[in-house]
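Step one of this worksheet: look at the structure below.
Numbering (full-length UniProt numbering), first residue to last: 1 to 335.
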């Protein structure tokens, strides 16, 4: 069919079309991309769009100075492409001591969880009746568990603690997500926030039951009704002076780089005129890489939880862009 159509097109027209095509190729985006140094990744890698609204990189003067913007895309189950400017993943080599450290960590944290869980069971009825939303006493138990569990195996330092809102001030905390240790690290903030986790995590003995009693939010990732209910629950928490934590990437990064942000967290904050507190998690994926939870490396400097100045706006796109750029630039600084 193609050959027959081409045969009916005069040769002169075909020649002019081919000339125009070659001219366009010589001056178009492909030619510009070819001017980059060997091995440099394209600025905006191609990927099928993720569901809802996400962030993509827009050209700037440098990798650090590049801006992010919220773009509406069609629904898709495919994750967004990693950002090429985020921190590089750790070396893939795993030593015997890293494996042993991880096994001891799990043994210790589970053993510690047993008596703390028992105390939560005793406190739960009273806390639920008197402090239904924040559940400060139960959140304190979570903080103790995470702090003691990690203290023997990986140092965690909070940088910029002065930027944290008071316990009584409701806020939306947003952080990059690349490791199983992210939640442990964020508990070092000592703020009674509620985070969103998939439903299956709530049925894990001891840990999942503790999450339920503390009031964290269960989400069915592929269920649109569950997603809408989750956002509604987050707004209700903020209205009752309780903070919420989001990982705007939606899931853990596969290779430690920061993926595009989805807009849900920032829409909630904008509608409630709540503070947004960007938090950068540094080195979590180097200590415990996603997919290799059986190994726990020792990293110079340990994990850092960098708290940035709060942002307030009724414009969700503005909140999304500022948070993304702040976290991204900090990852570059520490890389």
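Don't be surprised by glycine CBs; every beta carbon is placed ideally from N, CA and C.
| query | Since residue 140 is in the alpha helix (DSSP H), which residue starts that stretch and which ends it? | reply | Position 140 of the chain shown, counted from the start, is the residue given in the question as residue 140. From DSSP, the alpha helix (DSSP H) with residue 140 extends over 136 to 151.
| said: Can you give me the C-alpha to C-alpha distance between residue 127 and residue 137, rounded to a whole angstrom? | reply: Your numbering for residue 127 matches position 127 in the chain shown. Your numbering for residue 137 matches position 137 in the chain shown. Separation of residue 127 and residue 137 (C-alpha to C-alpha, rounded to the nearest whole angstrom) is 7 Å.
| said: Can you tell me whether residue 132 is helix, strand or coil according to DSSP? | reply: Here the question's residue 132 lines up with position 132 in the chain shown. Look at residue 132 here: in three-state DSSP terms it is coil, with no helix or strand label.
| request: Identify, in the order they occur along the chain, each residue of the same chain with its Cβ nearer than 6 Å to the Cβ of residue 266, setting aside the five sequence neighbours on each side. | output: Taking the first residue of the chain shown as 1, we reach residue 266 at position 266. The answer, listed in chain order, is 316, 319 and 320.
| field | Reduced DSSP category for residue 261 - H, G, I as helix; E, B as strand; rest coil | value | Counting from one through the chain shown, the residue named residue 261 turns up at place 261. Here residue 261 sits in coil by DSSP.
| field | Terminal residues of the alpha helix (DSSP H) in which residue 183 lies | value | Taking the first residue of the chain shown as position 1, residue 183 is located at position 183. Annotation for residue 183: the continuous alpha helix (DSSP H) segment containing it runs 182 to 186.
| Same chain only: Cβ atoms within 7 Å of residue 180, ignoring 5 sequence neighbours per side | Within the chain shown, numbered from 1, the residue matching residue 180 stands at position 180. Its chain contains 288 and 293 as the residues whose beta carbon lies nearer than 7 Å to that of residue 180, once the 5 sequence neighbours on both sides are disregarded; these appear in chain order.
| request: Any chance you could list the alpha helix (DSSP H) runs of at least 4 consecutive residues sitting entirely within the UniProt domain "Phospholipid/glycerol acyltransferase" (171 to 284), in chain order? | output: Within the UniProt domain "Phospholipid/glycerol acyltransferase" (171 to 284), the runs of alpha helix (DSSP H) at least 4 residues long that lie entirely inside it are, in chain order, 182 to 186, 207 to 214, 224 to 239 and 264 to 272.
| CB contact flag (residue 306, residue 281, <9 Å) | Walking along the chain shown from the start, residue 306 turns up at place 306. Walking along the chain shown from the start, residue 281 turns up at place 281. Cβ distance < 9 Å, so residue 306 and residue 281 count as in contact.
| Using DSSP with H/G/I as helix, E/B as strand and the rest coil, what is residue 299? | On the chain shown, position 299 is the one that residue 299 refers to. If DSSP states are grouped into helix, strand and coil, residue 299 belongs with coil.
| How long is the line joining the alpha carbons of residue 161 and residue 237, rounded to whole angstroms? | Numbered from its first residue, the chain shown carries residue 161 at position 161. Numbered from its first residue, the chain shown carries residue 237 at position 237. If I take the Cα positions, the gap works out to 23 Å.
| query | How far does the alpha helix (DSSP H) with residue 332 in it reach, from first residue to last? | reply | For the purposes of this step, residue 332 is taken as residue 332 along the chain shown, with counting starting at 1. Its alpha helix (DSSP H) spans residues 316 to 334.
| task | List the endpoints of the continuous beta strand (DSSP E) containing residue 156. | result | Within the chain shown, numbered from 1, the residue matching residue 156 stands at position 156. Judged by DSSP secondary structure, residue 156 falls within the beta strand (DSSP E) whose first and last residues are 156 to 159.
| said: Looking at the strands, I want to know which residues DSSP matches up with residue 96. | reply: Indexing the chain shown from 1 puts residue 96 at position 96. Paired residues: none, contrary to the question.
| message | Closest to residue 175 by C-alpha separation, out of 251, 290 and 146, would be which residue? | response | Counting from one through the chain shown, the residue named residue 175 turns up at place 175. Closest option to residue 175, Cα to Cα, is 251.
| task | Evaluate the contact criterion for the segment 220 to 234 versus the segment 294 to 301: three or more CB pairs, one atom per stretch, below 8 Å. | result | Inter-segment contact for the segment 220 to 234 and the segment 294 to 301 is absent: fewer than three beta-carbon pairs are separated by less than 8 Å.
| Of the residues 260, 311 and 117, which one's Cα is nearest the Cα of residue 248? | Taking the chain shown and counting its residues from 1, one reaches residue 248 at position 248. Nearest to residue 248 by alpha-carbon distance, out of 260, 311 and 117, is 260.
| request: Between the Cα of residue 257 and those of 329, 208, 207 and 196, spot the shortest distance and give me the residue it belongs to. | output: Counting from one through the chain shown, the residue named residue 257 turns up at place 257. Nearest to residue 257 by C-alpha distance, out of 329, 208, 207 and 196, is 329.
| request: Work out the CA separation of residue 98 and residue 239 for me, nearest whole Å. | output: Indexing the chain shown from 1 puts residue 239 at position 239. Indexing the chain shown from 1 puts residue 98 at position 98. C-alpha separation (whole angstroms): 44 Å.
| request: Could you name the residues of the same chain whose beta carbon sits closer than 7 Å to that of residue 119, not counting the 5 residues immediately before and after it, in chain order? | output: What you label residue 119 is simply residue 119 of the chain shown in a count that begins at 1. Excluding sequence neighbours, residue 119 sits near 141.
| Just the Cα atoms here: how many angstroms apart are residue 322 and residue 111? | For the purposes of this step, residue 322 is taken as residue 322 along the chain shown, with counting starting at 1. For the purposes of this step, residue 111 is taken as residue 111 along the chain shown, with counting starting at 1. One alpha carbon belongs to residue 322, the other to residue 111, and they sit about 41 Å apart.
| Where residue 269 and residue 196 are concerned, what is the direct C-alpha to C-alpha distance, given to the nearest angstrom? | In the chain shown, residue 269 corresponds to position 269, counting from 1. In the chain shown, residue 196 corresponds to position 196, counting from 1. Taking the straight line joining both Cα atoms gives about 15 Å.
| Does DSSP put residue 289 in a helix, in a strand, or in coil? | Residue 289 sits at position 289 when you count from the first residue of the chain shown. For residue 289, the three-state secondary structure derived from DSSP is coil.
| query | Just how far apart, CA to CA, sit residue 153 and residue 101? | reply | Counting from 1 along the chain shown, the entry for residue 153 is found at position 153. Counting from 1 along the chain shown, the entry for residue 101 is found at position 101. Between residue 153 and residue 101, the C-alpha separation is close to 7 Å.
| From residue 93 to residue 286, what distance separates their C-alpha atoms? | As a first step, residue 93 must be located in the chain shown, where it is residue number 93. As a first step, residue 286 must be located in the chain shown, where it is residue number 286. Going by C-alpha positions, residue 93 is about 11 Å away from residue 286.
| In terms of DSSP beta bridges, what is residue 167 paired with? | Locating residue 167 in the chain shown gives position 167, where the first residue counts as 1. Residue 167 pairs with nothing; no bridge assigned.
| From the DSSP output, which residues share a beta bridge with residue 306? | As a working note, residue 306 is residue 306 in the chain shown. According to DSSP, residue 306 bridges with 159 and 280.
| Local Cβ density within 10 Å of residue 273, reported as buried at 16 or more and exposed below that | Counting from 1 along the chain shown, the entry for residue 273 is found at position 273. Burial call: exposed.
| query | residue 314: buried (16+ other C-beta within 10 angstroms of its C-beta) or exposed? | reply | Taking the first residue of the chain shown as 1, we reach residue 314 at position 314. Result: exposed.
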